[in-house]
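K.L.:
Chains as they are written, first to last, in our numbering: chain A, 778 to 1117; chain B, 2 to 532.
1. Expressed to the nearest angstrom, what Euclidean distance is found between the alpha-carbon atoms of residue 875/A and residue 947/A?
2. Anything in the region 820-846 of chain A with a Cβ closer than 7 Å to a Cβ of chain B? List those residues in chain order, please.
3. For residue 940/A, would you say it is in contact with chain B, using Cβ-to-Cβ distances shorter than 8 Å as the test?
4. Whose C-alpha, out of 1082/A, 976/A, 1031/A, is nearest the C-alpha of residue 144/B?
5. For residue 229/B, does the three-state DSSP call read helix, strand or coil?
6. Can you pull the chain B residues whose beta carbon is under 8 Å from the beta carbon of residue 1004/A, in chain order?
7. Can you name, in chain order, every residue of its own chain whose Cβ lies under 7 Å from the Cβ of residue 1060/A, other than the five neighbours on each side?
8. Between the region 886-904 of chain A and the region 855-865 of chain A, are three or more C-beta pairs nearer than 8 Å?
9. Is the Cβ of residue 9/B closer than 8 Å to any Cβ of chain A?
10. Does DSSP put residue 1038/A in a helix, in a strand, or in coil?
11. Could you name the residues of the same chain whose beta carbon sits closer than 8 Å to that of residue 299/B, not counting the 5 residues immediately before and after it, in chain order?
12. With a cut-off of 8 Å, do at least 3 Cβ pairs link the region 795-805 of chain A to the region 1094-1104 of chain A?
13. Please report whether the beta-carbon of residue 135/B lies at a distance below 8 Å from any beta-carbon of chain A.
14. Going by beta-carbon coordinates alone, are residue 969/A and residue 1009/A separated by less than 8 Å?
15. Taking the alpha-carbon positions, what's the residue 249/B to residue 413/B distance?
16. Quick check on the DSSP output: the alpha helix (DSSP H) that includes residue 526/B runs from which residue to which?
17. Whose Cβ in chain B lies nearer than 9 Å to the Cβ of residue 1008/A?
18. Closest to residue 1086/A by C-alpha separation, out of 1111/A, 1047/A, 1073/A, would be which residue?
19. According to DSSP, residue 352/B sits in a beta bridge with which residue or residues?
20. Counting C-beta neighbours from all protein chains within 10 Å, is the total for residue 475/B 16 or more, i.e. buried, or is it exposed?
21. Comparing C-alpha positions only, which one of 820/A, 944/A, 978/A, 967/A sits nearest to residue 146/B?
22. How about residue 38/B: is its C-beta nearer than 8 Å to some C-beta of chain A?
23. In the region 59-72 of chain B, which residues sit with their C-beta less than 8 Å from some C-beta in chain A, listed in chain order?
24. At what residue ranges does the region 351-400 of chain B contain a whole run of the beta strand (DSSP E), taking only runs of 3 or more?
25. Look at the alpha carbon of residue 1055/A and the alpha carbon of residue 886/A, and state the distance between them as a whole number of angstroms.
26. Are there three or more Cβ pairs, one per stretch, closer than 8 Å when the region 950-959 of chain A is compared with the region 31-41 of chain B?
27. Spell out a yes or no on whether the region 332-347 of chain B and the region 383-393 of chain B are touching, meaning 3 or more CB-CB pairs, one atom from each, closer than 8 Å.
28. I want to verify the contact list: residues of chain A whose CB lies under 7 Å from the CB of residue 2/B, in sequence order.
29. Using a 10 Å radius around the Cβ and a threshold of 16 neighbouring Cβ atoms, would you call residue 930/A buried or exposed?
30. Quick check on residue 1017/A: does DSSP put it in helix, strand or coil?
31. Pick helix, strand or coil for residue 964/A, following the three-state DSSP scheme.
32. Please work out which residues of its chain come closer than 6 Å, Cβ to Cβ, to residue 1049/A, disregarding the five sequence neighbours upstream and downstream, and give them in chain order.
33. Name the residue from 443/B, 425/B, 409/B, 504/B whose alpha carbon lies nearest to the alpha carbon of residue 473/B.
34. Applying the 10 Å Cβ sphere with the 16-neighbour rule, what's the burial state of residue 963/A?
35. Is the beta carbon of residue 470/B closer than 8 Å to that of residue 478/B?
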């Protein structure tokens, strides 16, 4: 009988992150997985379309035997075999986030014996998911510094609801090594950028101007995409300083008030700039898995969210590794990953 | 997991959006394939050839937003999407030609696109299981629910639909209750009979034959059926009733079918006839067994073809009416003896309901006594009731073997009317009940339906006119004549007869009321007091 590692999907915020982390680690460790109470606290519980695509992609890549994987399922069993590199194509329905699928299969593919090229079709800018730019500009450079041989190419943008975005991820077999963070000495480049397609010119200008009122902002940029990308808009605040980089996002669009978008970015900016720290809460969450795979490491960030704590618990459980969150006096928190 | 297959009409209005802006608009068939908790594995898209390019665009956009969905085209011929018959036939043909595989696939019928007519047809086909599917309704986005908006599914097989079905059941019960004049009858056989009549009356326009002994309530039931059908807008015309026993001789044809001016000697003006008056309404032919053979032949044609020839006319008239016939005769016997046409009987006894007499439904006596008291109270505008002991005595008697209720509910009604008239202050006491019991026993022992004081009526009216009168009418007329014969003059008689109602009126013209009452029977004060 197979020994399944049981993961309670309702832990913490009970979102898709637990699902993605646990599946990725199940593939890597070869341990069979039983996830239950999936998204139990949400209004639409169970696997939604984008989760289903991610699980199916994982099944394809690890030749897993799975039971109960279907739309709306609140539990399923997942038994991975070996991870197969190679060429893959996944299409995500309903313009769901392409990056969520990427997140699930990115790390396992590093453990394959051959190189892989994965083309994912879907949305490149979705609420509640990392944008293409975040992956490209923030996460990937960190991973590359850890030794990951990966590249990401954007073929086409895709805004919700029409989607139609294309991204291609190439992954070569690689081993992640611990990363050494230097001391954070503040941001030297802080760029406000509004990326928009088929949005009024005034809206875009208004967004950039609003962010430029933040004293730390050094530059403003307006980027207009060709009309065929659909209707959509993201407002970015890009930050760079030493080894550190961050990207704060606000999602706009035809039905979203400009003020709402600006407010969302400003709120994040105030928090990050006020904390004087190089790793924001969202990035911290994303770094837990690769650093745990590397075996050890530490970085300074803000007080962890419930989301991060849950994610850390799941990673710790599957890898048998300790992840500690140590609060310091200045309201910050040191994350220490230690295999010992 | 079973595959999900959606069957949907291309929305020639809502789906018809072009240019980049189309992505900002709600297109039902695109939305259908975009929900994050529903994956349509195959979309069967129905449209007429004229909309091929729109269908192509929809297919392309679905491919982009829902790579899981295969779109299959079905060309349907549609001249007029608002023509119910055509649309139903087209969709019915589709359902017949489509191979359903319910073992492996679940079907959803999308009812958001298409004309209202198409939506109704899809509903009907799904309800009839021609389309073994659930219904799915997609709704446009709003503030809380951005694109693609929301959807809801309806399974007509499930409990949700039972609630609606229950409402129909309630309505049916209300209908039955109405047919019983609101009397809470307890006899199970009678209640079942009424349920059946309600069902037949509401679902059919075929003739109905009510049989049963005299006074079992045929006329009243026919009128109630008419009122119920009218309430439910199934019928718009009048309720026309006639006792065929009164249609004797030459006048019968013309009374039923009308005549044109000059059709015969004395036909000074045209006459509409009862059948034409009942057009779009209901014709109640009581004692249909009494109808002459010529009239039967004409009536049969009128039932079958809705056409008939008025007397003396060479132009046919048409009339659509629902027929209810009543009889207390055994019509099969009448057919055997040659008094009734076999083909007419075959035509009218498709739905035959035998109304039981009082003796077969004794449980219903108490509620009917109550009903009669209420009726009397309403007609006379003052409350009529029994005292406790009087009621117990009357009820015990009415249930006893002695009480044969020869004319059934007609006897009961007359009995209550008499007690009500004789009671003081609307209170029926022991004295009135005891008198009434002996009066009833006296009547029933006579073994004749004709009132005892035959002489009183026969001295003033010809026998054939008396024969057309209902028992209740005879009883009343008899009482009126008795008063008139003893009274000094018209005014004095009318004071006695309208003793209660006259006190309620501002001006009293009781003499005129009595004069008019007598005139109805072609009688006058002079007839009664020839001196």
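Even glycine gets a Cβ: it sits at the ideal position worked out from N, Cα and C.
P.N.:
So, from the listed chains and residues:
1. Near 14 Å, if we compare the C-alpha coordinates of residue 947/A and residue 875/A.
2. So the list reads 821, 825, 826, 827, given in the order they occur along the chain.
3. Answer yes: the Cβ-Cβ gap between residue 940/A and chain B drops below 8 Å somewhere.
4. Selected option, being the one with the closest Cα: 1031/A.
5. It is helical.
6. Identification of chain B residues near residue 1004/A by a Cβ-Cβ cut-off of 8 Å yields 21, ordered along the chain.
7. The beta carbon of residue 1060/A sits closer than 7 Å to those of 915, 1023, all from its chain and outside the five residues before and after it, given in chain order.
8. Verdict: yes, contact present.
9. Taking Cβ atoms only, chain A never reaches closer than 8 Å to residue 9/B, which makes this a no.
10. It is helical.
11. So the qualifying residues of the chain are 254, 257, 258, 309, 310.
12. Touching, yes.
13. No - not a single Cβ of chain A is within 8 Å of the one on residue 135/B.
14. Going by C-beta atoms, residue 969/A is not nearer than 8 Å to residue 1009/A.
15. Computed Cα separation, rounded: 29 Å.
16. Counting along the chain, the alpha helix (DSSP H) containing residue 526/B begins and ends at 526-529.
17. Contact annotation for residue 1008/A against chain B: 21, 22, 24, 25 [CB-CB distance below 9 Å, chain order].
18. Here the closest residue by C-alpha is 1111/A.
19. Answer is 209/B, bridged to residue 352/B.
20. With 16 or more other Cβ atoms within 10 Å, it is buried.
21. With distances taken between Cα atoms, residue 146/B lies closest to 820/A.
22. So yes, residue 38/B belongs to the interface.
23. Against chain A - using a Cβ distance shorter than 8 Å - the residues of the region 59-72 of chain B are 62, 65, 66, 67, 68, 69, 70.
24. Counting only runs of 3 or more, we get 352-355.
25. So the two alpha carbons sit approximately 28 Å from each other.
26. At 8 Å Cβ cutoff, the stretches do not touch.
27. Taking 8 Å as the limit for Cβ pairs, the verdict is that the region 383-393 of chain B does not touch the region 332-347 of chain B.
28. Within chain A, the residues near residue 2/B are 847.
29. Per the 10 Å Cβ criterion, exposed.
30. Residue state, collapsed to three classes: strand.
31. In this structure, residue 964/A counts as coil in the three-state DSSP scheme.
32. These residues qualify, in order along the chain: 1057.
33. Cα-wise, what sits closest to residue 473/B is 409/B.
34. Exposed, since its Cβ has fewer than 16 Cβ neighbours within 10 Å.
35. Yes, the Cβ-Cβ distance between residue 478/B and residue 470/B is below 8 Å.
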